[in-house]
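Participant:
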Amino acid sequence: MSPSEPLPAELYTRPETFQRERRGVFESAWLLLARAGALPRPGDYVAQTLGGWPVFAIADASGASRGFRNVCRHQKLPLFDSGAGHCERIRCRYHGWTYDTAGRFISAPPQVAPSGDLSRDLERVATRESHGLLFVHLGEGAPALADSLPALVAALTEARLDALGFRTETTSDIEANWKLVMEQALAPDVPGVKRIVEWPCLIFDRADDGAVLHQVIARSFHRTRIHHHHYGAPGAAEAATQVDHWKAGALARQSALGTGAAAESPTSPELESFRRRVRAAHLGGSPP
Numbered sequence: 000m001s002p003s004e005p006l007p008a009e010l011y012t013r014p015e016t017f018q019r020e021r022r023g024v025f026e027s028a029w030l031l032l033a034r035a036g037a038l039p040r041p042g043d044y045v046a047q048t049l050g051g052w053p054v055f056a057i058a059d060a061s062g063a064s065r066g067f068r069n070v071c072r073h074q075k076l077p078l079f080d081s082g083a084g085h086c087e088r089i090r091c092r093y094h095g096w097t098y099d100t101a102g103r104f105i106s107a108p109p110q111v112a113p114s115g116d117l118s119r120d121l122e123r124v125a126t127r128e129s130h131g132l133l134f135v136h137l138g139e140g141a142p143a144l145a146d147s148l149p150a151l152v153a154a155l156t157e158a159r160l161d162a163l164g165f166r167t168e169t170t171s172d173i174e175a176n177w178k179l180v181m182e183q184a185l186a187p188d189v190p191g192v193k194r195i196v197e198w199p200c201l202i203f204d205r206a207d208d209g210a211v212l213h214q215v216i217a218r219s220f221h222r223t224r225i226h227h228h229h230y231g232a233p234g235a236a237e238a239a240t241q242v243d244h245w246k247a248g249a250l251a252r253q254s255a256l257g258t259g260a261a262a263e264s265p266t267s268p269e270l271e272s273f274r275r276r277v278r279a280a281h282l283g284g285s286p287p
């Protein structure tokens with residue numbers, strides 16, 4: 000594959016591709032989980048599945064955010080459904096294993112009580128807060144957030160999100176591969192909007208009096224959800240972000256790729272850089 004060529008169709012259409020990306024892309028990157036403001040008091044939590052990995056963060060007794068894999072240590076069953084809520088203790092609905100908000104094992108019914116050297120505490124994941132946003136990293140030896148997302152961190156600093164003020168969150172569901180959504184967002188220049196795109200799946204649009212942070216979540220090999228975090232004045236940036244254009248373009252390309260038909264592929268220097276990262280994730284090595 001030449002870096003100037005579109006990615007092969009199978010990278011958008013096959014389930015096994017998504018399984019490779021779970022480890023080759025999403026496990027090794029800092030991923031946005033939620034706004035830190037979603038956890039205002041001890042016991043508040045937010046859970047999501049990011050790139051195929053179920054995770055959650057919860058505010059512990061001191062109010063600090065702690066991140067964990069969203070699976071019970073007993074039989075790896077989920078602790079929380081996706082979404083937000085509140086609990087005094089974390090209790091598995093299936094067999095009753097119970098943990099405190101720091102992830103420490105507390106108790107279990109006698110018939111399913113742990114024995115021997117079985118790990119009991121929840122499995123931690125690295126968390127970092129930046130500009131009111133909570134990020135998680137699922138791999139070992141997480142690098143510094145600013146080193147991994149330099150353009151985004153700089154843009155967030157310049158935008159001063161705290162001064163703009165969080166306004167609302169909206170969502171878009173697209174029946175297309177996450178890479179197609181990212182490619183549509185990378186292709187055009189949007190008049191009046193400064194766009195920053197960070198690997199693998201964050202898009203930040205800034206206008207004079209507002210901003211939108213687009214959190215692109217790969218749900219499967221052909222399903223994508225975008226959480227749009229809106230800051231500042233209503234209509235400041237979202238009118239120009241062309242999310243409908245992303246959706247239409249991604250759906251059209253997904254349909255064409257699925258039938259083997261030729262699909263018009265957008266181009267831009269930023270898009271070629273993104274495709275190099277995808278190739279590296281699938282072929283091994285570092286992007287050129």
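Sequential numbering from 0 applies to the sequence shown in numbering that gives the first Met the number 0.
Glycine included, each C-beta is placed from N, C-alpha and C at the ideal position.
Every value quoted in this text rests on a predicted model; they were computed, and no experiment measured them.
Can you tell me whether arginine 92 is buried or exposed? The criterion is at least 16 other CB atoms within 10 Å of its CB, across all chains shown.
Facilitator: By the 10 Å Cβ count, arginine 92 comes out exposed.
Participant: If contacts are defined as beta-carbon pairs under 8 Å, then glycine 209 and glycine 191 qualify, I think. What distance do you get, rounded to the angstrom?
Facilitator: Not really, about 11 Å apart at Cβ, beyond 8 Å.
Participant: What are the start and end residues of the beta strand (DSSP E) that includes glutamine 241?
Facilitator: Neither: glutamine 241 is in no beta strand (DSSP E) and is coded neither H nor E.
Participant: Where does leucine 30 fall in DSSP's three states?
Facilitator: Strand, per DSSP.
Participant: Taking DSSP as the reference, what is the three-state secondary structure of tryptophan 177?
Facilitator: Three-state DSSP puts tryptophan 177 in a helix.
Participant: Let me check one thing: in DSSP terms, what residues is serine 129 bridge-paired to?
Facilitator: DSSP lists Leu132 as partners of serine 129.
Participant: So leucine 49 and leucine 133 are in contact, right, with Cβ under 8 Å, and what is the actual spacing, rounded?
Facilitator: The Cβ separation is near 12 Å, so there is no contact.
Participant: Under a three-way DSSP split, which group does arginine 123 fall into?
Facilitator: Of the three classes helix, strand and coil, the one that applies to arginine 123 here is strand, per DSSP.
Participant: Would you check if the region 87-106 and the region 65-76 touch, i.e. whether three or more CB-CB distances between them fall below 8 Å?
Facilitator: Touching, yes, given that three or more Cβ pairs across the two stretches are closer than 8 Å.
Participant: Mind the definition here: the region 172-181 touches the region 7-26 only if three or more C-beta pairs lie below 8 Å; say whether that holds.
Facilitator: Segments in contact, yes.
Participant: With distances taken Cα to Cα, identify the nearest neighbour of leucine 78 among Gly138, Thr97, Gly23.
Facilitator: Measuring from the Cα of leucine 78, the nearest candidate turns out to be Thr97.
Participant: Which residue marks the beginning of the beta strand (DSSP E) containing serine 147, and which one marks its end?
Facilitator: Note, serine 147: premise wrong, no beta strand (DSSP E); alpha helix (DSSP H) at 144-147.
Participant: Between the region 126-143 and the region 153-171, can you find at least three pairs of beta-carbon atoms closer than 8 Å?
Facilitator: Yes: the two stretches touch, three or more of their Cβ pairs being nearer than 8 Å.
Participant: Terminal residues of the continuous beta strand (DSSP E) containing aspartate 204?
Facilitator: Counting along the chain, the beta strand (DSSP E) containing aspartate 204 begins and ends at 201-206.
Participant: In this structure, how does DSSP classify glutamine 74 when only helix, strand and coil are distinguished?
Facilitator: Reduced to three states, the DSSP call for glutamine 74 is coil.
Participant: Is it buried or exposed, lysine 246, if we count other Cβ atoms within 10 angstroms and call 16 or more buried?
Facilitator: By the neighbour-count rule (16 or more Cβ atoms within 10 Å), lysine 246 is buried.
Participant: Around the Cβ of histidine 85, are there at least 16 other Cβ atoms within 10 angstroms (buried) or fewer (exposed)?
Facilitator: Counting Cβ neighbours within 10 Å, histidine 85 comes out exposed, since fewer than 16 surround it.
Participant: Could you give the first and the last residue of the continuous beta strand (DSSP E) run that contains valine 54?
Facilitator: It spans 52-58 - the beta strand (DSSP E) in which valine 54 sits, taken as one unbroken run.
Participant: Going by other Cβ atoms of all chains shown within 10 Å of its Cβ, with 16 needed for buried, is leucine 144 buried or exposed?
Facilitator: With 16 or more other Cβ atoms within 10 Å, it is buried.
Participant: Our contact map puts threonine 126 next to alanine 56 with C-beta atoms below 8 Å; I'd like the distance itself, whole angstroms only.
Facilitator: That pair is a contact at about 6 Å.
Participant: Checking the sheet assignment: what are the DSSP bridge partners for valine 211?
Facilitator: Answer by DSSP bridge pairing, in chain order: Asp204, His229.
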